[in-house]
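Engineer: Under this note's numbering, the residues of the sequence shown are numbered 143 to 820, in order.
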Amino acid sequence: MSSAISSIESYIEKRNYLRSLLASHQFEQLDLLLNNMQQQWLEKSSEPFDYEWFISDLLDPTKIAADILSHLDTWIKSNPTSYHGYLLQGCYWEAAAARIRTSNGGEYVSDDRWIGAQLARDLGLVSYLRAISLHERPAYALRRMMRLTAYLGEPQWLYDLAYGREPYTYVQLQNDIDPEIWRAGLRRLLDEGGDLAFIPQELPSNLPVRETDEVKTYWLNATLAIRSQDVGIRNEYLYFLYPRWGGSHEQMAEFIEGAVCETLSEQERNILWITKAWDFLGYSIYFPEQEDHDEIEYCCDAFEQLLALDLAEEQRARVLYQYANFRAHYGKQDGVWQVEKMQLCYELLVKAWQISPAMANPQMGLDTLMSCINFAHINDSYNLLPQWLERLQLLGDDKYAVILAAVASKFGLYGISKGQFDHQALMAQAKFLDAEDLDVGQAAANLFGSQSEDAAIYLLQQACEWGDISAMATLSDVYAGVLSRQNDRDINTYKDNALRTYWMERAANGGDATSQYNLAYGILEDNEELSPEQYQQTKKLLLNAMNTSNVRRDVWERSAHRLATLLIFGDIQDDMLLCLDTVLPALWNDESVENQVFAAGYYALAFHLGAGCTRNSYLAKVWLERGLELAPEDSYLADRAAEIFRHKELLGGTRAKMGFSKDQKLMDQHGYNLTFGE
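(1) When burial is assigned at 16 or more other CB atoms within 10 Å of the CB, is Q715 buried or exposed?
(2) Cutting at 8 Å between CB atoms, please list the residues of its own chain near S198, excluding the five before and the five after it.
(3) Can you give me the C-alpha to C-alpha distance between N158 and L200, rounded to a whole angstrom?
(4) Is Q474 helix, strand or coil by DSSP?
(5) For the alpha helix (DSSP H) containing W332, name the first residue and the last one.
(6) Please report the straight-line C-alpha distance between I599 and V582, rounded to a whole angstrom.
(7) At which residue ranges does the segment 644-709 contain complete alpha helix (DSSP H) runs of 4 or more residues, listed in the order of the chain?
(8) Between the segment 307-326 and the segment 274-286, do at least 3 Cβ pairs fall closer than 8 Å?
(9) Is it a yes or a no for the segment 385-403 touching the segment 439-448, going by three-plus beta-carbon pairs under 8 Å?
(10) Confirm, please, whether the CB-CB distance from L601 to V620 is below 8 Å.
(11) Please list the terminal residues of the continuous alpha helix (DSSP H) segment that includes W608.
(12) Nearest CA to the CA of P499: which residue from E532, M718, C514?
(13) According to DSSP, what are the bridge partners of W479?
(14) Given that a residue counts as buried once 16 or more other Cβ atoms are within 10 Å of its Cβ, and exposed if not, what is S149?
(15) Assign F553 to one of three DSSP states: helix, strand, or coil.
(16) Excluding the five sequence neighbours on either side, which residues of its own chain have a C-beta within less than 7 Å of the C-beta of P430, listed in chain order?
(17) Quick one: measure Cβ to Cβ for F468 and L406, integer angstroms, because I've assumed they're closer than 8 Å.
(18) Please confirm if the segment 257-268 is in contact with the segment 223-242, defined as three or more CB-CB distances below 8 Å between the two stretches.
(19) In this structure, how does DSSP classify T405 when only helix, strand and coil are distinguished?
(20) Select from Y301, Y293, G752, N412 the residue whose C-alpha is nearest the C-alpha of F382.
(21) Can the beta-carbon of D254 be found less than 8 Å from the beta-carbon of A326?
(22) Taking 6 Å as the limit between beta carbons, can you name the residues of its chain near S145, skipping five residues before and five after?
(23) Round the Cβ separation of Y305 and M287 to the nearest angstrom and send it over; I've been treating them as touching at under 8 Å.
(24) Our contact map puts C487 next to A502 with C-beta atoms below 8 Å; I'd like the distance itself, whole angstroms only.
(25) So, do the segment 213-221 and the segment 166-175 have three or more beta carbon pairs nearer to each other than 8 Å?
(26) Between G473 and A444, is the Cβ-Cβ spacing less than 8 Å?
(27) What's the C-alpha gap between F787 and E775?
(28) Nearest-angstrom Cα distance between K799 and H812?
(29) Following the continuous alpha helix (DSSP H) through W387, name the residue where it begins and the one where it ends.
(30) Taking the alpha helix (DSSP H) that G561 belongs to, which residues open and close that run?
(31) Whole angstroms are fine: how far does the CA of Y225 sit from the CA of D732?
(32) With DSSP collapsed to three states, give me the class of S626.
(33) Taking the alpha-carbon of W195 as reference, which of G227, G247, K156 has the nearest alpha-carbon?
(34) Can you tell me where the alpha helix (DSSP H) holding L265 begins and where it ends?
(35) Whole alpha helix (DSSP H) runs in the segment 758-783 with 4 or more residues, listed along the chain?
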């Protein structure tokens, strides 16, 4: 093992030892070690790899969740007064709540997921409250109470207890929720190993009296009363002042400059300024558009201002990693990676790593480094990637890094020698690591194009065994010759129609929207007339693809267009109605003019024919005119105009006008609502 690893190795070895104590049920020793670490943490400021890190990293993400929960339950049964047993049980349920909710934006989270997440939240809160009751200075448990109630809301029962009322019950909650949604949410909780929490009838006596309805402020003050130097809870509180959580940048600045933070050192306060700036610098979804040069320059200036602050080493590295990520976001121009731009990104990554290579966790910059090497073909002159993979496989908690290290070791890639790591152990580890935002199929496609086809196919086959849907979809592309064609290689090398279809169906059944669309497309193209079974299958596939959260835009558009065509010409009245009430409104309300024109044309056709609605020439004309206003030269609309205005009939124009006038008075409510939105 290299000398760069040795200084961090002791922390990782200690973490792994604590994990082994939990797994082997040596709870007395585990309590002793954690209590000693906590005592030191309570008396001084936070540091890298201190008590906070061990608590947050103690539950092994490579182990089956049910096994971890079983260990925690056994710990508590063997020692009902263990503060850390209940604390870590709360951490488990907090993580479970996040898994159930998913990291999707709130508008993309289904109602049953919200219910399941809130039920898991309750289990976490009950565990934290029990931990609080068992300790004189339960600062970390109080901090988790703040984080969890801010993230998923304060439950009514906790609010009631805070003010001495009878707590709201699950019977009452269930009565307020659709029974089907309740059952689905409860199933999600059961899948995590839980059941409804036993709501306490009173709060721990060592909690201060609540004097504010602002729940975040209450838990913040309770924590600081015990550990006044706690920067972490101030930072988490600040995060929940982001505008998307109902706060504002002005409130954030007031908090940092206010009384709560006046005792912090300059470096500690600068951590908070970084968090404030992270609202627009820390998340790629909020980065400016490529053509918005002024906003991009503003963000670059903001990064430079942060780097001019007095920052602790790990914070300076964090800013540099993200600065590289930000610049890499604009590293392509017209689909081509710009070497000069990506070279600058690489240099920022080097600076970040060199601040403290013995202690650094470079996971934050890994995607950008891979883009530099794989796509922009930047020379890794500082050998960052082999050093990073060695570090990250040792830390072992990032799925992408563990996969890369395993594949690199098996095939001798990225400066890693063949057999340098135990690739089988790493792959087994990666299977259980959770990574919502990791597209294993895309990672393999990148390998296929830039490094090794054999390595890519090996990764896909391994991930398919795990049940990874993105890997199944990409493996289907391999056997279709798609990846070979994309990389200007012989498309027949891996072509196998049977395997292509097999993996496409597996991916589609697993919920991959692209595979669902491709499968539906194949059915439509291969059959001039669909059987009833084929019709229903195609309808289901396209509906699912269209309604998948965060679906690729081109897949959504194609699915919606194909689905509209299938339904409107399907001669099934309910399906025509589905087209008019659901599919076409989504296209009409879309930002794309092309989609609006498509919807207008189909509405015009529907009202002209009476497909899914009462036939009405006036409403057909309204939709036709809307479409022509957007696209006067559209050929489909021109054909509809000839029909609706009866251009080819003798005296057709006059008859059409008479029909419009008559039908304007005969509009039914459904047609009126579809057209005029009321």
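Backbone N, C-alpha and C fix where the C-beta goes; we use that ideal spot for every residue, glycine too.
Structural biologist: Let's see:
(1) exposed
(2) C233
(3) Distance between the alpha carbons of N158 and L200: 8 Å.
(4) Looking at the sequence itself, residue 474 is Lys, so the reference to Gln does not match. If DSSP states are grouped into helix, strand and coil, K474 belongs with the strands.
(5) The residue you asked about is not Trp; residue 332 is Leu in the sequence shown. For L332, the enclosing alpha helix (DSSP H) stretches over residues 321-333.
(6) 11 Å
(7) 655-668, 674-689
(8) no
(9) With a cut-off of 8 Å, the segment 439-448 and the segment 385-403 do not count as touching, because too few Cβ pairs lie within range.
(10) no
(11) 595-608
(12) E532
(13) Paired residue(s): K474.
(14) exposed
(15) helix
(16) Non-local C-beta neighbours of P430 in its own chain, meaning closer than 7 Å and more than five positions away in sequence, comprise E437, I438, C441, ordered along the chain.
(17) Actually they do not touch by this definition, with Cβ atoms about 27 Å apart.
(18) They touch, by the three-pair rule.
(19) coil
(20) Y293
(21) yes
(22) With a pLDDT of 38 at S145, under the threshold of 50, the modelled position of that residue is not reliable, and the figure given next carries that caveat. Sequence-distant Cβ neighbours of S145 in its own chain, meaning closer than 6 Å and more than five residues away, do not exist here.
(23) With a Cβ gap of about 16 Å, Y305 and M287 do not count as contacting.
(24) C487 to A502, Cβ: 17 Å. No contact.
(25) yes
(26) No, Cβ-Cβ distance for G473 and A444 is not below 8 Å.
(27) 17 Å
(28) C-alpha separation (whole angstroms): 23 Å.
(29) Per DSSP, W387 belongs to no alpha helix (DSSP H) and is neither H nor E.
(30) Element bounds for G561: n/a, residue is neither H nor E.
(31) 53 Å
(32) helix
(33) K156
(34) 253-275
(35) 759-772, all fully within the segment 758-783.
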